[in-house]
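Numbering (the numbering used here), first residue to last: 4 to 70.
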């Protein structure tokens, strides 16, 4: 499973956006994009969702139990 940092970085590159462009288009600070892509764990859920919405995704609860 991809981490959020890997997902955002790969989608950003596929979209041919710089970190600065993604920050501007998603309405967050450049430092937020950098922290996400570095895998920092002290991020605001709302800010992460703002970025993920650029790619048609949001964070939500996931069942961790195996079937």
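Idealized CB from N, CA, C, for every residue including glycine.
Cα-Cα separation, residue i to residue j
| i | j | result |
| --- | --- | --- |
| residue 59 | residue 45 | 23 Å |
| residue 42 | residue 8 | 5 Å |
| residue 35 | residue 64 | 22 Å |
| residue 57 | residue 47 | 16 Å |
| residue 17 | residue 11 | 10 Å |
Residue i burial status per 10 Å Cβ neighbour count (16 or more: buried)
| i | result |
| --- | --- |
| residue 25 | buried |
| residue 13 | exposed |
| residue 71 | Since the displayed the chain opens at 4 and closes at 70, residue 71 lies outside it and no answer follows. |
| residue 40 | buried |
Cβ distance (whole Å) where residue i is taken to contact residue j below 8 Å
| i | j | result |
| --- | --- | --- |
| residue 61 | residue 29 | Actually they do not touch by this definition, with Cβ atoms about 12 Å apart. |
| residue 50 | residue 31 | 5 Å |
Within the region 14-67, ranges of the alpha helix (DSSP H) (whole runs, at least 4 residues): You should have 22-29, 33-40 and 48-56.
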